[in-house]
Amino acid sequence: MGVKIRGIYSTAISKILHDNGIEVVNPSDLVRERMKIENRGKVDTLIYDKEDLDGIIIHGRESEKVLEVLKKELGTLFVKKLETGDIYRGIIKRVDMKDKEIIVDLGGREGLLSLRDYWGYLKEGQPVLVQVKGRNKDFFLLSSHLRLFGENMVLIKDGFTKPSKHIKDREEMERLLELSKEAKLKGWGILWKALAEGKSDEELLKEMRELMEEEKKIKEEFEKGKEPELLKKGFCIYFVDFPLEVKERLDEIRAKVSPTIKGHHLLKSGGYMMLADFADKLVGEVKPEKLVEGIKQVFDQNVKEGNFFKIIRKKVGGEMTVWKGKIAEKGKSLKVVRRLRPGKYNDVDIDQGDYEIITLKEREEHVVHEYFNQKGELKARFYSVNTPVELFPRFARYIYLGVDVVEKEGKKEVIQRVQEIPEEVRGRAMKIAEGLVR
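Right, dumping it as structure tokens:
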């Protein structure tokens, strides 16, 4: 297997995989220079930054093996597995003309197909060839424009041809686009994956032919039956969030390859790229604790009462909530005030003029939520249990572990809000909660 790694975590992850006997292909300049890896072989798995820089995305043939190695070396990771691209023979169950949606029976589950996306015969009980492109709370989201997923490309029915944003080499982009024209695939666009870089024309053309043959077989299977059936499995993408302790473990691993300040990955995940790089260059010339203290002072100077502030709360399953408020008080803890609309928040009835104060402390494994009426009288208080808080001048970030401690009439009660969380996470959350009750 060959793994290509890019992004702010690439050096540390390259070190982990290399030490565990996994081949790192096309390494970054730093890894190539420091670890003496020159491999330019075949890539079958990609690792790159999530858009919010708080972790990584893994996809490719050996994703699960890579993930297991990372769990072994780094500890608790928060992983969301996205399965997409399954192709079904669905059966039209009913048509919702109000929402312009077709409800499709997939066999034990239901999907939504937009009327705008379907040009076939519209009748209840009619088979329809559909593909899963996502899901909401209740339904799979479907498309009738098939995507055929290969190792190096995705063929898209009635789609455009373009290279992945992860392909940076202009000559390689031009070669792949020229190859698309040469293939003459009528009615299909090609999304070239980063895995296609460096592959021969012959290998890529062969894969195109195989995908077109696959489409033919799917259509043949579709015509054979009248019942809902899975015709073709899709693929998996893993979205991995790194809590603070994992980022710090990655700092330690990176330091074995190149000078690395404590907090390197935390800074970069917060968008402070240049600051992290500059601090790394001073390692060896300035005492590490002085560097860390200097950065903390710079951050503190940029946290001012009255400033707007964001709180990014993620859940174990990957869902994210962003709360916006203003800094009300700055000290050992940070207090952020949020104005609330009437309604219900965390089982608390909120009236006009009510507000919430959220108290955050760096590295703390809980966040305090207090609700007040417009007279400033406390209505409710609870403590949400989370991974250690990451605090930056303009925002805070943490992962909520699904457990709260609710305070009523001077007594504290542990409430598990989320049931479907991994056992190791549940155990950690309950231990923190019990500590808050004592």
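Heads up: the sequence shown begins at 1384 in my numbering, then just goes up one per residue. Just so you know, even glycine gets a beta-carbon here, dropped at the ideal spot from N, CA and C.
In the DSSP output, which residue or residues are listed as bridge partners for residue i?
| i | result |
| --- | --- |
| T1704 | R1696 |
| V1731 | Y1728 |
| N1769 | Y1783 |
| K1718 | E1712, T1742 |
| G1572 | I1539 |
Might you give, ordered along the chain, the residues of its own chain that have their beta carbon closer than 7 Å to the beta carbon of residue i, omitting 5 neighbours on each side?
| i | result |
| --- | --- |
| K1433 | I1439, I1440, F1622 |
Could you give the distance in angstroms between the alpha-carbon of residue i and the alpha-carbon of residue j?
| i | j | result |
| --- | --- | --- |
| K1419 | N1519 | 46 Å |
| P1671 | D1634 | 13 Å |
| L1529 | Q1799 | 41 Å |
| L1512 | P1546 | 27 Å |
| E1484 | I1475 | 11 Å |
| T1790 | Y1754 | For the record, residue 1790 in the displayed sequence is Glu; it is not Thr. Near 12 Å, if we compare the C-alpha coordinates of Y1754 and E1790. |
| K1698 | K1630 | 18 Å |
| L1560 | V1408 | 23 Å |
| E1739 | Y1504 | 53 Å |
| G1468 | K1758 | 54 Å |
| S1526 | L1658 | 44 Å |
| G1701 | K1454 | 17 Å |
| G1517 | E1466 | 8 Å |
| L1627 | F1523 | 33 Å |
| F1605 | L1614 | 7 Å |
| G1677 | K1664 | 14 Å |
| K1582 | G1443 | 16 Å |
For residue i, count neighbouring C-beta atoms within 10 Å of its own C-beta (all shown protein chains included) and say buried if the count is 16 or more, exposed if not.
| i | result |
| --- | --- |
| K1548 | exposed |
| L1457 | buried |
| Q1680 | exposed |
| E1748 | buried |
| P1611 | buried |
| V1877 | Given that the chain is displayed from residue 1384 to residue 1821, the structure contains no residue 1877 and the question cannot be resolved. |
| N1769 | buried |
| L1743 | buried |
| M1480 | exposed |
| P1827 | Residue 1827 is absent from the model: the chain starts at 1384 and stops at 1821. |
| K1398 | buried |
Taking residue i as part of the beta strand (DSSP E), name the residues at either end of that continuous run.
| i | result |
| --- | --- |
| Q1514 | 1510-1518 |
| K1794 | 1794-1799 |
| G1385 | 1385-1388 |
| V1414 | No beta strand (DSSP E) contains V1414, which is instead part of the alpha helix (DSSP H) from 1412-1418. |
| F1622 | 1618-1624 |
Could you spell out where the alpha helix (DSSP H) holding residue i opens and where it closes?
| i | result |
| --- | --- |
| Q1684 | 1671-1684 |
| D1584 | 1584-1607 |
| F1523 | Counting along the chain, F1523 falls outside any alpha helix (DSSP H), though it belongs to the beta strand (DSSP E) covering 1523-1526. |
| K1340 | Not covered by the structure: residue 1340. The range shown for the chain is 1384 to 1821. |
| L1457 | 1446-1457 |
| S1393 | 1393-1402 |
| S1641 | S1641 -> no alpha helix (DSSP H), and no H or E assigned at all. |
| G1810 | 1806-1820 |
| L1506 | Residue 1506 is actually Lys in this sequence, not Leu. No alpha helix (DSSP H) contains K1506, which DSSP labels as neither H nor E. |
| F1661 | 1656-1665 |
For residue i, collect the residues of the same chain with a Cβ closer than 8 Å to its Cβ; drop the 5 residues on either side in sequence, then sort them by chain order.
| i | result |
| --- | --- |
| V1686 | I1710, K1713, L1717, P1776 |
| A1395 | L1633, D1634, I1636, R1637, V1640, H1648 |
So, at 6 Å on beta carbons, what are the nonlocal neighbours of residue i in its own chain, with the 5 sequence-adjacent residues on each side left out?
| i | result |
| --- | --- |
| R1696 | T1704, Y1783 |
| D1737 | L1723, N1756 |
| G1494 | V1487, F1522, F1523, L1525 |
For a test of your reading of the model: does the CB of residue i fall under 7 Å from any non-hydrogen atom of the ligand ADP? Yes or no.
| i | result |
| --- | --- |
| R1518 | Questions concerning the ligand ADP fall outside what the structure shown contains, since it holds no ligand whatsoever. |
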